[in-house]
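Student: Mind having a look at this structure? Questions to follow.
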Amino acid sequence: MLEIRDLRASAGDKEILRGIDLTVNAGEVHAVMGPNGSGKSTLAQVLAGHPAYVVTGGSVRYRGQDLLDLEPEERAQAGVFLAFQYPVEIPGVTNAYFLRAAYNEIRKARGQDEVDSMDFLDLLEEKLKLVDWEPAIMSRAVNAGFSGGEKKRNEILQMAVLEPRLAILDETDSGLDIDALRIVAAGVNKLRRPDNATIVVTHYQRLLNYIVPDYVHVLSNGRIVKSGGKELALELEARGYEWLEDTVGAAS
Amino acid sequence: MSSTVESLVNKEYKYGFVTDIESDVAPKGLNEDVIRLISAKKQEPEWLLAWRLKAYRGWQKMTEPHHWPNVTYTPVDYQAISYYSAPRTQKPLGSLDEVDPKLLETYTKLGIPLSEQKLLAGVVAVDAIFDSVSVGTTYKAKLAEQGIIFCSFGEAVREHPALVQKYLGSVVPASDNFFAALNAAVFSDGSFVYIPKGIRCPMELSTYFRINTAETGQFERTLIVADEGASVSYLEGCTAPKRDENQLHAAVVELVALDNASIKYSTVQNWYAGDENGRGGIYNFVTKRGKAAANAKISWTQVETGSAITWKYPSVILQGDNSVGEFYSVAVVNGRQQADTGTKMIHIGKNSRSTIVSKGISAGRGQNSYRGLVKVLPKAEGARNYTQCDSMLIGNRCGAHTFPYIDVQNSSSSTEHEASTSKIGEDQIFYLKQRGLNTENAISMVVNGFCKEVFKELPMEFAVEAQKLLGISLEGSVG
Ligand SMILES: Nc1ncnc2c1ncn2[C@@H]1O[C@H](COP(=O)(O)OP(=O)(O)OP(=O)(O)O)[C@@H](O)[C@H]1O
Ligand SMILES: [Mg+2]
């Protein structure tokens with residue numbers, strides 16, 4: 077589904093991603109971990125096409141296409157979804173209006189008919205259950221005045237509505253209380269299918285107890301320095317990152 | 010703001026066509042003879058000619074307000090303008106069927122079908138002003154059943170002279186300011202509305218203004234009187250052809266709300282704004298003011314996306330106790346447009362209340378200034394004002410400015426002022442694009458959200474129009 081080869085990206089003069097290799101197949105869950113500032117969010121944003129980053133080398137293929145060649149909205153329409161580490165507020169635009177607009181754009185891109193607001197409300201009701209939320213949240217402006225945890229839950233609601241093929245969750249667990257974490261993780265699990273894939277960026281092993289990854293990768297200083305199975309996350313929890321950074325130092 | 014949110018391409022102006030029609034045009038230039046000619050063409054009574062001439066003599070001693078508004082432009086040559094232009098017709102029009110088909114076609118192109126059966130299923134009555142002359146008022150008969158008068162200004166002068174004479178200039182005197190004085194001297198037509206005591210006008214009243222002929226100015230005058238306990242909602246829309254030279258639009262609107270009356274006046278202004286280099290476009294120098302008696306309410310809502318230069322301050326004199334004044338405004342500048350707009354709320358009556366919500370959006374090289382005065386006079390016990398003034402910038406080459414003036418002479422009153430300036434965030438646009446919206450839809454969504462408090466004040470059908478217009482006028486404002 078996704079093949080990242082030697083991906084390099086910078087913001088301004090600063091090189092942040094320094095040669096990333098990563099392959100994600102349909103049906104898999106990959107966890108990406110690593111110290112603050114190592115480039116996890118940058119990787120997520122580059123995959124989504126944020127204009128602040130310039131790709132300086134490498135390639136990304138997504139379902140047979142050159143992903144880097146697509147506009148951000150084309151990537152979204154092709155099924156790439158990013159749950160933001162810091163979701164953005166859009167004052168004056170209701171959550172329901174925004175979600176329906178997004179849903180219809182993606183349907184249009186897939187050659188499907190747009191849905192009217194009545195049909196959409198039915199769909200929304202289902203999806204709200206998935207994240208255990210009250211409909212009242214839908215008439216509030218997108219993320220405006222939402223608590224940190226509410227913003228994160230809203231990202232997962234959007235993911236549930238848009239049904240992406242490749243979902244990238246950037247620290248969706250931080251800011252969630254324990255109950256919310258369970259609800260959100262259960263929601264993500266319910267959306268797992270053999271034909272979609274998930275990349276979970278997190279600092280905490282705890283989330284991976286709920287969303288069990290097939291692979292764990294450690295990002296350090298713009299490179300993947302170690303990959304392994306789900307037990308790698310436990311090892312990181314016990315030992316921290318320092319031993320890995322040492323390996324990098326020795327290797328280069 | 011980097012690559013995504015910059016670079017400007019001016020959108021083609023959709024209403025920029027010229028209607029090929031024969032017009033009666035007065036010779037260029039302004040003098041007492043021209044004023045006498047206008048008055049004679051309109052078969053006006055002696056008192057009105059005298060009023061015009063007095064205004065003209067006053068105007069000659071006034072100076073154009075070049076310095077205090079935050080706009081720059083080449084001075085208007087008042088002798089190079091023609092002050093009267095009318096579509097040439099053989100005889101006075103008896104009904105809409107007699108209106109020149111080319112004119113009707115023009116209004117259809119503008120999206121305003123004048124044939125009555127098509128008119129929004131009976132919810133809107135329209136008076137259409139083409140250059141200087143009113144070409145047809147629909148639904149007049151139906152309104153007349155309730156004693157409502159809705160007609161061209163010229164007709165009102167002929168048919169209801171006492172009403173006109175009583176209220177003309179009672180809110181905006183002929184000597185009020187340079188442009189108002191000019192208007193008083195040369196105004197050619199406009200709309201007149203009178204709602205009798207206790208009557209709620211059963212439909213939206215609407216005027217469409219259209220400047221067609223080159224080198225003419227448009228100087229219409231609107232007078233709306235809501236008698237005691239009456240209420241009315243009125244909407245005006247405006248367009249003009251694309252021309253390289255600037256055209257002057259100096260209108261006056263007077264609103265009179267007597268005890269317990271209410272007037273809601275909404276404007277969707279989309280005059281030609283000039284090209285991307287600032288050539289051509291309308292100078293929109295307009296005086297709008299209302300006077301609210303006891304328990305009366307006057308509410309201005311404006312969505313301004315057009316004109317090269319806008320200079321206007323729809324205001325309310327809160328004369329009566331418990332009177333209410335409101336001003337809800339969205340002003341958009343793109344390309345080389347400049348706007349200096351806002352309001353004045355003059356609190357005279359006890360417990361009078363006013364609300365000001367101004368949303369300024371600047372894109373391209375546009376310059377947007379909010380200028381507002383809240384004045385509380387000594388007798389206005391318990392007066393209250395709330396002002397909210399938000400600016401949004403799109404790109405790096407535009408500007409937003411606010412000039413609030415607060416003058417409070419009564420200590421029991423309260424005024425509250427909130428202001429904010431934000432840049433349309435690249436992160437907001439990216440977030441929406443990541444959810445599948447293209448750039449234009451993303452901008453339109455953010456901007457419409459920003460303007461929501463104003464749009465919800467517009468009558469339903471026009472709110473939809475206004476949202477579309479906003480989308481069009483900002484198209485291409487983000488690269
Ligand atoms: N737009 C930008 N301009 C300049 N520097 C940037 C930009 N975005 C990220 N950086 C820098 O790149 C580095 C990687 O940032 P990134 O946000 O990808 O880290 P992260 O691994 O997600 O960290 P965290 O765990 O704290 O979320 C940091 O040093 C950051 O300051
Ligand atoms: Mg991060």
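Quick note, the sequences are listed as chains A and B, same order. Residues 77 to 328 in the numbering used here are what the first sequence spells out, letter by letter. Residues 10 to 488 in the numbering used here are what the second sequence spells out, letter by letter. Yeah, the Cβ is synthetic: ideal placement off N, Cα and C, and Gly gets one too. Computed from a predicted model, the values in this text were never measured in an experiment.
#1: Do glycine 134 of chain A and arginine 81 of chain A count as a contact pair if the criterion is CB distance below 7 angstroms?
#2: Given that alanine 152 of chain A touches chain B, what residues does it touch there, using C-beta distances under 9 angstroms?
#3: For proline 84 of chain B, count neighbouring C-beta atoms within 10 Å of its own C-beta (all shown protein chains included) and say buried if the count is 16 or more, exposed if not.
#4: Indicate the three-state DSSP secondary structure (helix, strand or coil) for glutamate 311 of chain A in the structure shown.
#5: Quick check: what's the CA-CA separation for asparagine 331 of chain B versus histidine 279 of chain A?
#6: Below 8 angstroms, can you find three or more Cβ-Cβ pairs linking the segment 197-217 of chain B to the segment 76-83 of chain B?
#7: Quick check on lysine 477 of chain B - is its C-beta less than 7 angstroms from some C-beta in chain A?
#8: Please enumerate, following chain order, all residues with a beta carbon closer than 7 angstroms to at least one heavy atom belonging to ligand 2.
#9: Can you find the residues in the same chain that come closer than 6 angstroms, C-beta to C-beta, to lysine 306 of chain B, ignoring five residues on each side of it along the sequence?
#10: To the nearest angstrom, how far is it from the Cα of leucine 232 of chain B to the Cα of leucine 257 of chain B?
#11: Does proline 387 of chain B pass the burial test, meaning 16 or more other C-beta atoms within 10 Å, or should it be called exposed?
#12: Quick one: what's got a C-beta closer than 7 angstroms to lysine 206 of chain B's C-beta in the same chain, skipping five residues either side?
#13: Start and end of the alpha helix (DSSP H) containing alanine 256 of chain A?
#14: Since glycine 125 of chain A and glutamate 147 of chain A should fall inside the 8 angstroms C-beta cutoff, what is the C-beta to C-beta distance between them, to a whole number of angstroms?
#15: Ignore the nearest five residues each way along the sequence and tell me which others in asparagine 304 of chain B's own chain have a CB closer than 7 angstroms to its CB.
#16: Cutting at 7 angstroms between CB atoms, please list the residues of its own chain near leucine 320 of chain A, excluding the five before and the five after it.
#17: With a cut-off of 7 angstroms, does the C-beta of glycine 369 of chain B fall near any C-beta of chain A?
#18: I'd like to know if glutamate 202 of chain A contacts chain B, where contact means its C-beta is closer than 7 angstroms to some C-beta of that chain.
#19: Does the Cβ-Cβ distance between glycine 299 of chain B and valine 325 of chain B come in under 7 angstroms?
#20: Identify the contact partners of valine 385 of chain B in chain A, using a Cβ-Cβ distance below 9 angstroms as the criterion.
#21: Just grab the DSSP bridge partners of asparagine 377 of chain B for me.
#22: For a cutoff of 7 angstroms on Cβ pairs, would you count phenylalanine 459 of chain B as touching chain A?
#23: Which of helix, strand or coil does DSSP assign to isoleucine 90 of chain B?
#24: Is leucine 158 of chain A close to chain B? Criterion is C-beta to C-beta, closer than 7 angstroms.
#25: Suppose you measure from the CA of isoleucine 213 of chain A to the CA of asparagine 171 of chain A; what does that come to, to the nearest Å?
#26: How many angstroms separate the CA atom of glutamine 346 of chain B from the CA atom of isoleucine 438 of chain B?
#27: When DSSP labels each residue in this structure, what does aspartate 249 of chain A get in the three-state scheme?
#28: How about leucine 454 of chain B: is its C-beta nearer than 7 angstroms to some C-beta of chain A?
#29: Can you tell me whether asparagine 457 of chain B is buried or exposed? The criterion is at least 16 other CB atoms within 10 Å of its CB, across all chains shown.
#30: Of the choices A/Val260, A/Asp246, A/Leu245, whose alpha-carbon is the least far from that of leucine 252 of chain A?
#31: Closest to leucine 257 of chain A by CA distance: which of A/Asp208, A/Ile182, A/Glu181, A/Arg269 is it?
#32: In three-state terms, what does DSSP make of glycine 480 of chain B?
#33: State buried or exposed for tyrosine 414 of chain B, treating a residue as buried only when at least 16 other CB atoms are found within 10 Å of its CB.
#34: Using 10 angstroms around the beta-carbon of aspartate 198 of chain B, count the other beta-carbons present and answer buried if the total reaches 16, otherwise exposed.
#35: If you run the structure through DSSP and keep just helix, strand and coil, what is tyrosine 176 of chain B?
#36: Do we get a CB-CB distance below 7 angstroms when we pair alanine 178 of chain A with the residues of chain B?
Tutor: Put simply:
#1: Taking the first residue of the first sequence as 1, we reach residue 81 of chain A at position 5. Taking the first residue of the first sequence as 1, we reach residue 134 of chain A at position 58. Cβ distance < 7 angstroms, so arginine 81 of chain A and glycine 134 of chain A count as in contact.
#2: The residue you call residue 152 of chain A lines up with position 76 of the first sequence. Correct list: Lys442, Gln443, Arg444, Gly445, Leu446.
#3: One-based indexing of the second sequence puts residue 84 of chain B at position 75. It is exposed - the Cβ of proline 84 of chain B has fewer than 16 other Cβ atoms within 10 Å.
#4: Within the first sequence, numbered from 1, the residue matching residue 311 of chain A stands at position 235. Helix.
#5: Along the second sequence, read from residue 1 onward, the residue named residue 331 of chain B stands at position 322. Along the first sequence, read from residue 1 onward, the residue named residue 279 of chain A stands at position 203. Rounded to whole angstroms, asparagine 331 of chain B to histidine 279 of chain A spans 60 angstroms at the Cα level.
#6: Touching, no.
#7: The residue labelled residue 477 of chain B in the question sits at position 468 within the second sequence. No, no contact with chain A.
#8: Going along the chain, the residues that qualify are A/Lys116, A/Ser117, A/Gln161, A/Asp246, A/Glu247, A/Val277.
#9: By 1-based counting over the second sequence, the position of residue 306 of chain B is 297. For lysine 306 of chain B, same chain residues with a beta-carbon under 6 angstroms away, outside a window of 5 residues either side, are Ser271, Val333 in chain order.
#10: Position 223 of the second sequence holds residue 232 of chain B. Position 248 of the second sequence holds residue 257 of chain B. Cα to Cα, leucine 232 of chain B sits roughly 20 angstroms from leucine 257 of chain B.
#11: Indexing the second sequence from 1 puts residue 387 of chain B at position 378. Counting the other Cβ atoms within 10 Å of the Cβ of proline 387 of chain B gives fewer than 16, which makes it exposed.
#12: Residue 206 of chain B sits at position 197 when you count from the first residue of the second sequence. Asp236, Glu237, Gly238, Ala239.
#13: What you label residue 256 of chain A is simply residue 180 of the first sequence in a count that begins at 1. Going by DSSP, alanine 256 of chain A is part of the alpha helix (DSSP H) stretching over 254-267.
#14: One-based indexing of the first sequence puts residue 125 of chain A at position 49. One-based indexing of the first sequence puts residue 147 of chain A at position 71. With a Cβ gap of about 7 angstroms, glycine 125 of chain A and glutamate 147 of chain A count as contacting.
#15: As a position in the second sequence, residue 304 of chain B is number 295, starting the count at 1. Correct list, in chain order: Asp268, Asn269, Gly329, Asn331, Ser332.
#16: For this step, residue 320 of chain A is matched to residue 244 along the first sequence. Here the set comprises Val294, Ser296, Val301, Lys302.
#17: Start at 1 with the first residue of the second sequence, and residue 369 of chain B comes out as number 360. No, glycine 369 of chain B lies away from the interface with chain A (no Cβ there is under 7 angstroms from its Cβ).
#18: Translated into positions along the first sequence, residue 202 of chain A becomes position 126. Cβ-Cβ to chain B under 7 angstroms: no for glutamate 202 of chain A.
#19: Mapped onto the second sequence, residue 299 of chain B falls at position 290. Mapped onto the second sequence, residue 325 of chain B falls at position 316. The Cβ atoms of glycine 299 of chain B and valine 325 of chain B sit closer than 7 angstroms to each other.
#20: Residue mapping note: residue 385 of chain B aligns to position 376 of the second sequence, counting from 1. Those do not exist, as valine 385 of chain B stays about 30 angstroms from chain A at its closest Cβ, beyond 9 angstroms.
#21: The sequence position of residue 377 of chain B within the second sequence is 368, counting from 1. Per DSSP, B/Ala348, B/Ala409.
#22: Indexing the second sequence from 1 puts residue 459 of chain B at position 450. Output row for phenylalanine 459 of chain B: interface = yes.
#23: Your numbering for residue 90 of chain B matches position 81 in the second sequence. Three-state DSSP puts isoleucine 90 of chain B in coil, outside helix and strand.
#24: Residue 158 of chain A sits at position 82 when you count from the first residue of the first sequence. Taking Cβ atoms only, chain B reaches closer than 7 angstroms to leucine 158 of chain A, which makes this a yes.
#25: Walking along the first sequence from the start, residue 213 of chain A turns up at place 137. Walking along the first sequence from the start, residue 171 of chain A turns up at place 95. The straight-line gap from Cα to Cα measures roughly 7 angstroms.
#26: Residue mapping note: residue 346 of chain B aligns to position 337 of the second sequence, counting from 1. Residue mapping note: residue 438 of chain B aligns to position 429 of the second sequence, counting from 1. When the Cα atoms are used, glutamine 346 of chain B and isoleucine 438 of chain B turn out to be separated by approximately 24 angstroms.
#27: On the first sequence, residue 249 of chain A is found 173 positions in, with the first residue counted as 1. Aspartate 249 of chain A falls in the coil class under three-state DSSP.
#28: Against the second sequence, residue 454 of chain B aligns to sequence position 445. Before going further, note that residue 454 of chain B is methionine rather than leucine in the sequence given. The beta carbon of methionine 454 of chain B falls within 7 angstroms of a beta carbon belonging to chain A, placing the residue at that interface.
#29: Taking the second sequence and counting its residues from 1, the one referred to as residue 457 of chain B is at position 448. With 16 or more neighbouring CB atoms inside 10 Å of its own CB, asparagine 457 of chain B falls in the buried class.
#30: Taking the first sequence and counting its residues from 1, the one referred to as residue 252 of chain A is at position 176. Checked all of A/Val260, A/Asp246, A/Leu245; the closest Cα to leucine 252 of chain A is A/Val260.
#31: In the first sequence, counting from the first residue as 1, residue 257 of chain A sits at position 181. Across the set A/Asp208, A/Ile182, A/Glu181, A/Arg269, the C-alpha of A/Asp208 shows the shortest separation from the C-alpha of leucine 257 of chain A.
#32: Locating residue 480 of chain B in the second sequence gives position 471, counting from the first residue. Helix at glycine 480 of chain B.
#33: The count along the second sequence starts at 1 and reaches residue 414 of chain B at position 405. Residue environment analysis places tyrosine 414 of chain B among the exposed positions, since fewer than 16 neighbouring C-beta atoms fall within 10 angstroms of its C-beta.
#34: On the second sequence, position 189 is the one that residue 198 of chain B refers to. With 16 or more Cβ atoms within 10 Å of its Cβ, aspartate 198 of chain B is classed as buried.
#35: Start at 1 with the first residue of the second sequence, and residue 176 of chain B comes out as number 167. Annotated three-state conformation of tyrosine 176 of chain B is helix, per DSSP.
#36: Start at 1 with the first residue of the first sequence, and residue 178 of chain A comes out as number 102. Chain B, which has a Cβ nearer than 7 angstroms to the Cβ of alanine 178 of chain A, makes this yes.
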